[in-house]
Structure formats: structure tokens, C-alpha cells
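Numbering (the working numbering), first residue to last: 5 to 324. A virtual CB, placed ideally from N, CA and C, is assigned to each residue, including glycine.
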Amino acid sequence: MPGILVIAEPNEGGIAPVSFELIAAARQLSSEGAGNVTALIAGSEAEAQQLIAHGADAAIAATNPALKTGLGEAYLPAVQAAIESSGADIVLMGQTSLGRDLGPALAFANKTAVAMDCVALAIAGGRLRATRSAYGGNARAEVTWKAPLQVATVKAKSFDALEADSARSGSVSTSDAGADPKVKVLGVSKAESTGVRLEDAPVVVSGGRGLGDPSAFGMLEELTGLLHGATGASRAACDLGWYPPSQQVGLTGKTVSPDLYIAVAISGASQHMAGMAGSKNIVAINKDADANMVKVSKFAVVDDYKKVVPALIEEIKKLG
Ligand SMILES: Cc1cc2nc3c(=O)[nH]c(=O)nc-3n(C[C@H](O)[C@H](O)[C@H](O)COP(=O)(O)OP(=O)(O)OC[C@H]3O[C@@H](n4cnc5c(N)ncnc54)[C@H](O)[C@@H]3O)c2cc1C
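This is the structure:
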């Protein structure tokens with residue numbers, strides 16, 4: 005019986021949100037005939053139970069301390085054991101530092117291939133079909149596997165996590181497989197950020213090169229504050245040093261899927277769209293009616309942002 009193995013990840017004393025997104029992806033594949041969903045987490049049985057609540061049929065709490073390093077080499081024996089015990093022929097992991105490391109190592113160990121940075125998954129002809137960006141974000145490639153084991157890393161925010169249901173039941177087991185890695189992690193430094201994380205914000209206001217001046221981000225931050233969101237930027241704006249690269253949205257930046265994405269003076273290049281096209285409502289503020297961002301938006305204001313953004317701020321303030 006085939007199946008899907010999801011590699012969940014711990015994160016700051018909890019479970020990384022991408023883990024729940026992967027389980028949602030696996031559930032979709034399961035409904036298309038890919039078998040049961042097993043999830044593995046380097047953590048406790050209580051954490052494994054949370055994976056069941058979010059949609060896994062079975063969960064494995066991997067307890068070997070080596071997994072705390074977050075290195076693929078340490079995870080490999082635990083993942084191999086989980087593939088064997090679950091019978092999984094599909095392995096999904098996040099496009100995270102762990103996934104980038106573990107995915108290729110797992111594929112190599114099993115004489116198969118890994119599809120990295122996938123944004124969509126489906127079952128076609130009984131095999132996994134993965135979609136990923138190609139040619140610098142100008143095209144999308146669909147790939148499938150020749151070898152039995154199909155390994156994919158999935159970009160965060162490509163799938164919506166399912167609501168937790170504490171009444172869901174499933175089997176929880178433990179595994180002490182793991183290996184001491186040959187490299188030593190000397191330290192981990194966290195990117196500085198204040199307020200709501202870009203990836204989690206329900207509202208994102210992003211600025212582009214058309215702002216013409218880095219100080220204009222102050223105006224966008226004021227709007228963001230009123231909307232309880234996060235401020236992002238296009239790569240062009242980040243490359244100019246106008247905004248921190250950690251806030252870049254797009255193919256080579258963060259992927260966001262907020263309820264509301266306000267793109268201020270951003271043209272809507274395919275590489276920017278790759279990071280925000282999943283937004284529920286896109287609003288464009290752009291002086292060019294032919295800009296791609298205006299075309300894809302639900303609402304657009306075609307005018308100079310210097311007039312539009314202050315007026316918007318005033319109106320929102322009046323709402324209290
Ligand atoms: C491999 C690769 C990866 C990339 N990755 C990313 C990525 O992750 N994220 C990303 O964003 N880009 C990425 N890019 C770059 C991308 O191709 C575009 O160059 C970039 O997104 C353009 O940024 P922009 O829209 O801010 O600037 P522009 O394309 O210069 O657009 C500026 C816009 O502002 C409007 N404007 C100008 N003045 C005003 C005004 N006063 N009021 C209102 N509107 C105004 C203009 O009409 C225009 O539409 C990547 C490119 C490559 C090749």
C-alpha cells in the first residue's frame with residue numbers, strides 16, 4: 005500500500021506552520037489515491053498528536069537527540085525507518101533549511117530524484133506530479149519521477165493548513181533512529197524582525213521601485229500599522245537598499261498569501277507574482293493602467309501613490 009510521509013519540523017518550542025501546510029497537501033494527494041498520511045516530527049508524542057489533529061493518519065515522534073541539530077544527515081536514518089514502517093512512496097518536506105539539506109540526501113540514498121521548491125502537487129496516473137518555477141520564474145515546470153520513491157520539498161504558503169480537530173484519532177509511535185552528524189552547528193542567528201511576520205500577516209502592504217525614494221516606506225509602514233499587517237517590498241526596492249531583504253516578496257524572497265495584498269508602485273513582474281499570486285485580494289496602486297499588477301488586481305487605483313496612500317491613511321483613520 006503506497007502512502008505519504010510528511011517531515012514536520014519543530015520551531016521555537018512549537019511546530020513550524022509549514023508542517024501543517026504539508027499535511028494539508030498530503031491529505032489532498034491522499035484523496036487522489038496516494039494512500040495514508042504519516043507525519044514525523046523531532047519532538048514529543050504530544051506534538052505528534054497535534055499532527056494527527058491537523059490531518060495525519062499516523063504520526064511518529066522521533067526522539068533521537070541528534071535530530072535537534074536540524075541537519076539532514078541526522079534525520080536520514082529516522083526518515084528511512086519511517087519510509088520502511090509506513091510503506092510511503094512519497095516524501096514531502098518544507099523548502100526550509102532542513103528540507104534543502106535532507107531532500108537531496110534522501111533522494112541520493114534511495115537512487116531517486118528530488119523536486120525542490122514545489123508550489124503545487126497532484127496525482128496523475130498513480131504518480132506524483134509536482135509543479136515548480138523554472139527559467140527564473142518565467143515558466144512553471146511539471147515534473148514526475150521514474151524511480152519508486154518520490155521526494156519533494158514544498159514552498160511555504162503553497163497550501164492552506166487544515167483547521168485542527170482534536171477529535172481526530174490516529175496512531176502515534178516513537179522512533180529513536182538518528183545519526184550524529186559529521187558537522188557541528190556553531191550557532192544560529194535569527195533575522196531581526198518586529199511586529200507581525202510577513203508570511204503570517206493577514207494584510208501585506210508592499211512597495212516597489214516606483215516609490216522613487218526609500219523614505220516612502222515610512223508612509224507604507226504607517227498604512228501597515230493601521231491595517232495590523234506587515235510591510236514587504238519588491239526585489240528592485242530591496243536591491244536598491246530601500247528595504248531589508250528579509251522583507252522581499254517573490255520567487256527569491258518570501259511567499260505570502262494574505263487576505264489583502266496592497267502593491268504600491270510595483271509593476272507585477274512574474275518573479276514578484278510568484279511570491280504573492282495566492283493572495284485572496286490584490287489591490288494595486290500604480291500610475292500605469294497597463295501594469296501587470298493592475299491587470300491581476302481585484303481593485304486598482306491608477307494614480308500617483310503620493311496622492312493615493314496619504315488619502316487612504318486619512319480615510320482609515322476616520323474609521324477609528
Ligand atoms: C531570477 C530572478 C529572480 C527574481 N526574484 C524576484 C523576487 O523574488 N521578487 C521581486 O519582486 N522581483 C524579483 N525579480 C525581479 C523582477 O523581475 C522585477 O525586476 C522586479 O520585481 C521589479 O520590481 P518593481 O515592480 O518594484 O519595479 P518596476 O518594474 O520598475 O516597477 C515600478 C512600478 O512602479 C510604478 N510607478 C512608478 N512611479 C509611480 C508613482 N509615483 N505612483 C504609482 N506607481 C508608480 C510604475 O508604473 C511601475 O509599474 C527577480 C528577477 C530574476 C531574474
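**Where G37 sits in the DSSP three-state scheme** = Residue state, collapsed to three classes: helix.
**Prompt:** Whose C-beta lies closer than 6 Å to the C-beta of V200 among residues of the same chain, with five residues either side of it excluded?
**Reply:** Closer than 6 Å at Cβ, skipping near neighbours: A234.
**Message:** Considering only heavy atoms of ligand 1 and the C-beta of each residue, which residues fall inside 5 Å, strictly closer?
**Reply:** This selection yields G140, G212, R213, G214, S238, R239, A240, G254, L255, T256, G257, A269, I270, S271, A273, Q275, H276, N290, K291, D292, A295, D308, Y309.
**Request:** Check the DSSP bridge columns for V268 and list the partner residues they point to.
**Result:** In the DSSP output, where bridge partners are listed per residue, V268 has G211, I289.
**Request:** Provide the residue(s) that pair with T235 in DSSP beta bridges, ordered along the chain.
**Result:** Answer is V209, bridged to T235.
**Request:** Starting from the N-terminal side, write out each stretch of the alpha helix (DSSP H) that is 4 residues or longer and does not extend beyond the stretch 8 to 96.
**Result:** Those alpha helix (DSSP H) runs which fall completely within the stretch 8 to 96 and span 4+ residues are 21 to 33, 49 to 57, 76 to 90.
**Request:** May I ask you to list the residues that DSSP assigns as paired with C242?
**Result:** BP columns for C242 are empty, so no partner.
**Message:** Spatial neighbours of G279 within its chain, please: C-beta separation below 7 Å, excluding the five flanking residues on both sides.
**Reply:** The residues are V253, G254, L255, G257, K258, T259, V260.
**Prompt:** When the Cα atoms are used, what is the spatial distance from D217 to P21?
**Reply:** Going by the C-alpha atoms only, they are around 35 Å apart.
**Where K258 sits in the DSSP three-state scheme** = Three-state result, K258: strand.
**Message:** Using DSSP's beta-bridge definition, name the partner residues of A143.
**Reply:** Bridge pairing for A143: A138 [DSSP].
**Asked** Residues in its own chain within less than 6 Å of E225 by CB, not counting five upstream and five downstream?
**Response** Counting only Cβ-Cβ distances below 6 Å, and skipping sequence neighbours, we find T235.
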